[in-house]
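Novice:
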Amino acid sequence: MLTLMGYEWKKIFMQKRVIAVFAVIFILICIGQVGDLIQPLSPIPDAVQTMRNNREHARALTGRELDGDFLYEIFRETEGQNFWLSPYRNIWHIIRFMGEVESPEEAVAFYTNRDNRFAMLPEDEFLMNRVSEGGARWIMQKNEQLPAPWVFAYTGGFDIFLNRANTVAIFLFFVIAICIASLFAAEHQTGVAPIMLAAKYGKSKLIWAKIFTAAGISLGLSLLFTLSTLAISLLAFGADGGWAMLQLRIPFAVYSLTLSQAAWILIINVCLRAFYLGALVALFSALTRSAFVSLILATVYMAPATLYLSLPFNEIRWVFNLNRLIIDFIPHPTEHAVSTFSFFPYEIFGLFIPPFIFEPIFSLVVGAGLLCCAGWVFKRAQVG
Amino acid sequence: MRDLCTLMGYEWKKLLLRKGNVIVLVISLALVCFVQFSLLLPGFTPHENMWEQMREVRAYERARAGNEITALHEYHANFAETLAFQLERGRVSQRGGDWVTQQHEAVPTPWIFYPTAGFGNFFSRSAFMTLVIFTAVAVSIAPLFPNEYRTGVAALQLASKYGKSKLVTAKLLTAATFGLMVALFLTLSALGTSLAVFGADGARAMLQLYEPLSIYNLTVVQGAVILFANIAARILFFSAGVVLLSAKLRSAFSTIIIAFVWIFMAGMIFIPVAIPWIFTFSRLVIAVTPDMVSPVRSTFSIVPYEIFGVFVPPFIFEGVFSLVGGIGLLCCAGWVFKRAQVG
Amino acid sequence: MQLIIDRLTKQYKNKIAVDRVSLTLSQGVHGLLGANGAGKTTLMRMMCGLLTPTGGSVAYNGIDVSREEYRDVLGYMPQHFGYYPNFTAHGFLCYLGSLKGLSKPFAKEKSEALLSQLNLTDVAKKKIKTFSGGMKQRLGIAQALLNNPKILILDEPTAGLDPKERVKFRSLIAKLGSDRIVLLSTHIVSDVEDIAHNVHLMKDGQIIAGGKVDKLLSQGQSLEQLYMEHFGDSEGENDYA
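Protein chains in written order, with our numbering: chain A, 1 to 384; chain B, 1001 to 1343; chain C, 2001 to 2241.
1) Beta carbons nearer than 8 Å to chain A: which residues of the stretch 1252-1266 of chain B have them?
2) Taking a cut of 8 Å between CB atoms, which residues from the stretch 165-180 of chain A lie near chain B?
3) Quick one: Cα of residue 73 of chain A to Cα of residue 142 of chain A, how far?
4) Going by DSSP in three states, residue 1333 of chain B sits in which element: helix, strand or coil?
5) Tell me, please, whether the CB atom of residue 1152 of chain B is closer than 8 Å to any CB atom in chain A?
6) So within the stretch 2154-2222 of chain C, which uninterrupted alpha helix (DSSP H) runs reach at least 4 residues, ignoring any that extend past its ends?
7) Curious, which full-length beta strand (DSSP E) runs of at least 3 residues does the stretch 1168-1215 of chain B contain?
8) Ignoring anything shorter than 3 residues or poking outside the stretch 159-217 of chain A, list the beta strand (DSSP E) runs there in chain order.
9) Of all the options B/1165, B/1164, B/1210, which has the alpha carbon lying nearest to the alpha carbon of residue 1075 of chain B?
10) Helix, strand or coil: which one does DSSP assign to residue 131 of chain A?
11) At a CB-CB cut-off below 8 Å, which residues of chain A make contact with residue 2068 of chain C?
12) Look up residue 81 of chain A in the DSSP assignment and say whether it is helix, strand or coil.
13) Report back the beta-carbon spacing between residue 2017 of chain C and residue 2205 of chain C to the nearest angstrom; my notes put them in contact at under 8 Å.
14) Am I right that residue 1313 of chain B and residue 1304 of chain B are in contact with their C-beta atoms under 8 Å? What's the rounded C-beta distance?
15) With 8 Å set as the bound, which would you pick, yes or no: does the beta-carbon of residue 299 of chain A sit closer than that to a beta-carbon of chain B?
16) Would you list, in chain order, the members of the stretch 2099-2121 of chain C that have their beta-carbon closer than 7 Å to a beta-carbon of chain A?
17) Does the beta-carbon of residue 1002 of chain B have 16 or more other beta-carbons within 10 angstroms, so that it is buried, or is it exposed?
18) Listing by chain order, which chain A residues have their CB less than 7 Å from the CB of residue 2071 of chain C?
19) Using the beta-carbon of each residue, which ones in chain B are nearer than 7 Å to residue 313 of chain A?
20) Taking Cβ positions only, does residue 382 of chain A come closer than 8 Å to chain C?
21) Quick check: is the beta carbon of residue 1237 of chain B nearer than 8 Å to any beta carbon in chain A?
22) What are the boundary residues of the alpha helix (DSSP H) that includes residue 102 of chain A?
23) To the nearest angstrom, how far is the alpha carbon of residue 1052 of chain B from that of residue 312 of chain A?
24) Counting Cβ pairs closer than 8 Å, one from the stretch 204-215 of chain A and one from the stretch 123-141 of chain A, do we hit at least three?
25) If I measure Cβ to Cβ from residue 132 of chain A and keep anything under 8 Å in the same chain, skipping five residues before and after, which residues do I get?
26) Work out the CA separation of residue 324 of chain A and residue 2112 of chain C for me, nearest whole Å.
27) Any beta carbon from chain C within less than 8 Å of residue 192 of chain A's own beta carbon?
28) For a contact defined as C-beta to C-beta under 7 Å, what are the partners of residue 21 of chain A on chain B?
29) So with CB distances below 9 Å, who are the chain A contacts of residue 2184 of chain C?
30) Using only CA atoms, which one of B/1253, B/1241, B/1223, B/1018 lies nearest to residue 1324 of chain B?
31) Who does residue 2015 of chain C pair with in a DSSP beta bridge?
32) Return the CA-CA distance between residue 34 of chain A and residue 1238 of chain B, expressed in angstroms with no decimal places.
33) Measuring straight from C-alpha to C-alpha, what distance separates residue 2025 of chain C and residue 2061 of chain C?
34) Which stretch, first to last residue, makes up the alpha helix (DSSP H) that contains residue 1008 of chain B?
35) Between the beta-carbon of residue 152 of chain A and the beta-carbon of residue 61 of chain A, is there less than 8 Å?
36) Using a Cβ cut-off of 7 Å, pull out every chain A residue sitting near residue 1139 of chain B, in sequence order please.
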């Protein structure tokens, strides 16, 4: 079977167009990680030096508690400052949520205001459509477990990685769709399908070889893309701050995770979402017998997410969750990993499961199912 | 000429006989029309009774049609801030800034209020509509040349009398007219739906009621026509590009990959530029893609193109650029097919 | 060694492509003659497990067509032979060898032997897309023989071959038929006449005539005459003028 798998990989990566698209997109993604530093494209004058200065400035402040005094100091320093030039880019969401403050006391109210948002959850009709009362209590409990005050850290590399992860994922999914669209379809299009299906392993080992190839390509490419972009971000911007809490990047996350943990969780999420998408494209390929149509269907599936569309009646809980699992599965490019660490849990038989745990399991199970369906469809193909 | 028209007729027939194309066009039509009023429907909005609210607002606005808007100091302040920003970034030269200020001052004041919900809604949804048009055209046109090779008919065509002359022209004109017809059909459908639902009032209203930062003395109807013309020009360029790819690559799959990269990825590559010529270049790239942010804002942007000292509004320059570029690409596509080696 | 086709039927919406065909094929070469649209290819595809019959069964020595053991002894060459354009001939055969359960070294050895037998050694390392029609056809025959099949189903195998190659092909098939079941469909009557032991005439999805070739010829009738008797409908329809 390994031999058959080897041939499947060869058939896919022998195609010049696949190599070309993969190479172009991979290079673009890698460059995109450090795009801020490349003159003259960067909006920051003397980008590299500015980044270095900001990094040193932020490193000197690493470990300081984000108490009222420090928050107020940051507010004063960043007032009117350009986001691109700020050494506090990684906590910009905190600064924005803090708003205009006139004293350290007002600044420290950030924590109270934040906690109040969660405390008021049961009264928010809109949000309470998305979670049960038990779920709301679970969210509040999780929030209460977070340490306070928070501690500032320079988190350059991790911040950039988390910021760009969704964009990387979209590009990655497109590459996977291109690779896998011809997995089953090409056999019909080239006319080799009759010979294959009449061969000894044509309806047994070959099918498994194709299934494992689809899985291997999805997981392999996603690991390549995510690990490369993480490595580039850490190398270019620094590997500091992995220990810092996730809330510096996503203030409304309620999970007690560090940034490095979040980065790894995100990588696993992206890989398994890619697996799910690869399985879906494989099924399209087997059903439609056309790589062209499969790619169109895959792109149509990915389009709503990039356009911020969602299912109607999204205020109904099961629709909301279905939307998260079907449409939002393809990440919004500008959401910066927020959906993975959303505070809305999945409620399964009274258990509350964070999205970053449930969604990968869902991807794995459903993806495996879709792959088996694709194999079954190909095996039972009527040729003639 | 008659032969050419006959050949074009056959090419159109081939396009419309493909079930897939018909399905795509029907779905596209349904989508662009539906999206015009979807936010009024329960389930698509968290608010209740949107339809009733829309009617009430419309009645309120109609009652105030013709009133003058005199409190424009915020408008002037926003304009000054925007111009300063563009000047600071080097996207507009000093002379350009003067030109922009002149245009701004030529906009008549006070403004006259008219309800423009129908046109405004159409403008708001134009990004999605443009995306759908581009996708429908790409999917339909990508197999135009590859199918001839795939079915083996290319050999017969290229060996026939008109195979390297009128047939090629027919194919290119079909691609161009198909793209334009799809753009026209979907745009008119979208506009018609929006006006039917929200009201056709305010045709004479100034464009500034929708896009306050616009510096052009245009009415909303003129704005809609210009927007359509720009979309049509973009589609022409895009159709020509897709046809060139399909003739060169001979594979619908490869063509659609590049077409989708063109449609979806171009808008996602954000180049925050500090250098004017790169900024201009990136604008032209966006000018031939579906603008997924705000086609109206980019079409009526205050930043003109500066060509040999002459300042040209973007809706003129980009339209001409797309048109000329599109014709050039069509000629290239024809040349590629004529010289195809079949064997 | 017997391949039993029992009341095999394939019905599409309002057309019966194969209508209760029953045949027992044993060792030797069997010819399947019929006009276009007679159902020959559909019959062959069902015998290879590519189409699910609407009714009836196909079994070789009791092994049903749906089982892997059946496909293990099957060699099939379709009417329109498909290939990967960027694979070399040798590479393509090795790939199919692995699909047929052959070990890598054996597949390599067998591929080389078959390429030599079919005069494709010179182009073994060239991409299939550079092959002429006849070369592709020979490659198609080669892949069918890779696993030394007990059942060899060849759908119009001589299409695209020049007369010299056809003669060579016939002697190859005659040799192969000595120890396996070969079913060969063709329009070229002389192919069947020279090498087949049995011939079956198919029309409108049914087997309308057949028998041992020797017996048919000893009755003073050539196969072509037999063919025209069954497929030439009326006087004058056989001329294009």
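Cβ coordinates follow ideal geometry from the N, Cα and C atoms, glycine included. Here the structure is a predicted model, which means the values were calculated and not measured.
Specialist: Taking the structure as given:
1) 1252, 1253, 1254, 1256, 1257, 1260, 1261, 1264, 1265
2) 167, 170, 171, 174, 178
3) Within the first sequence, residue 73 of chain A is the residue found at index 73, counting from 1. Within the first sequence, residue 142 of chain A is the residue found at index 142, counting from 1. Each residue's Cα considered, the two are about 29 Å apart.
4) Position 333 of the second sequence, counted from the first residue, corresponds to residue 1333 of chain B. Helix, per DSSP.
5) Counting from one through the second sequence, the residue named residue 1152 of chain B turns up at place 152. For residue 1152 of chain B, the answer is no, since every Cβ of chain A falls outside 8 Å of its Cβ.
6) 2163-2176, 2189-2195, 2213-2218
7) none
8) none
9) Here residue 1075 of chain B refers to the residue found at position 75 when the second sequence is read from its first residue. Ranking the options by Cα distance to residue 1075 of chain B, first place goes to B/1210.
10) Within the first sequence, the letter at position 131 stands for residue 131 of chain A. Residue 131 of chain A: coil per DSSP, three-state reduction.
11) For the purposes of this step, residue 2068 of chain C is identified with residue 68 of the third sequence, where counting begins at 1. Neighbours of residue 2068 of chain C on chain A, chain order: 200, 201, 203, 204.
12) Position 81 of the first sequence, counted from the first residue, corresponds to residue 81 of chain A. Coil at residue 81 of chain A, not helix or strand.
13) Start at 1 with the first residue of the third sequence, and residue 2017 of chain C comes out as number 17. Start at 1 with the first residue of the third sequence, and residue 2205 of chain C comes out as number 205. About 6 Å separates the two Cβ atoms, so the contact holds.
14) Residue 1313 of chain B sits at position 313 when you count from the first residue of the second sequence. Residue 1304 of chain B sits at position 304 when you count from the first residue of the second sequence. Indeed, because the Cβ distance is near 6 Å, the residues count as touching under 8 Å.
15) What you label residue 299 of chain A is simply residue 299 of the first sequence in a count that begins at 1. Chain B contact via Cβ: present.
16) 2099, 2100, 2101, 2104
17) As a working note, residue 1002 of chain B is residue 2 in the second sequence. Residue 1002 of chain B should be labelled exposed.
18) Within the third sequence, numbered from 1, the residue matching residue 2071 of chain C stands at position 71. Ordered by position in chain A, the residues that pass the 7 Å Cβ test against residue 2071 of chain C are 198, 199, 200, 202.
19) Numbered from 1 along the first sequence, position 313 holds the residue referred to as residue 313 of chain A. Within chain B, the residues near residue 313 of chain A are 1043.
20) Residue 382 of chain A sits at position 382 when you count from the first residue of the first sequence. For residue 382 of chain A, the answer is yes, since a Cβ of chain C falls inside 8 Å of its Cβ.
21) What you label residue 1237 of chain B is simply residue 237 of the second sequence in a count that begins at 1. It does not; no Cβ of chain A falls within 8 Å.
22) Start at 1 with the first residue of the first sequence, and residue 102 of chain A comes out as number 102. Run containing residue 102 of chain A: none; DSSP gives neither H nor E here.
23) Stepping through the second sequence from its first residue, residue 1052 of chain B is reached at position 52. Stepping through the first sequence from its first residue, residue 312 of chain A is reached at position 312. For residue 1052 of chain B and residue 312 of chain A, the distance between alpha carbons rounds to 19 Å.
24) no
25) In the first sequence, counting from the first residue as 1, residue 132 of chain A sits at position 132. 317, 347.
26) Taking the third sequence and counting its residues from 1, the one referred to as residue 2112 of chain C is at position 112. Taking the first sequence and counting its residues from 1, the one referred to as residue 324 of chain A is at position 324. Roughly 55 Å between the two C-alpha positions.
27) Here residue 192 of chain A refers to the residue found at position 192 when the first sequence is read from its first residue. Yes, residue 192 of chain A counts as interfacial toward chain C.
28) On the first sequence, position 21 is the one that residue 21 of chain A refers to. Correct list: 1257.
29) The residue you call residue 2184 of chain C lines up with position 184 of the third sequence. Those do not exist, as residue 2184 of chain C stays about 16 Å from chain A at its closest Cβ, beyond 9 Å.
30) Walking along the second sequence from the start, residue 1324 of chain B turns up at place 324. The residue with the shortest Cα to Cα distance from residue 1324 of chain B is B/1241.
31) Translated into the one-based positions of the third sequence, residue 2015 of chain C becomes position 15. Bridge partners of residue 2015 of chain C: C/2012.
32) Along the first sequence, read from residue 1 onward, the residue named residue 34 of chain A stands at position 34. Along the second sequence, read from residue 1 onward, the residue named residue 1238 of chain B stands at position 238. Taking the straight line joining both Cα atoms gives about 31 Å.
33) Position 25 of the third sequence, counting from 1, holds the residue named residue 2025 of chain C. Position 61 of the third sequence, counting from 1, holds the residue named residue 2061 of chain C. If I take the Cα positions, the gap works out to 11 Å.
34) Here the question's residue 1008 of chain B lines up with position 8 in the second sequence. Element bounds for residue 1008 of chain B: 1002-1017.
35) Mapped onto the first sequence, residue 152 of chain A falls at position 152. Mapped onto the first sequence, residue 61 of chain A falls at position 61. Closer than 8 Å, so yes.
36) The residue given as residue 1139 of chain B occupies position 139 in the second sequence. Near residue 1139 of chain B (Cβ distances below 7 Å), the residues of chain A are 296.
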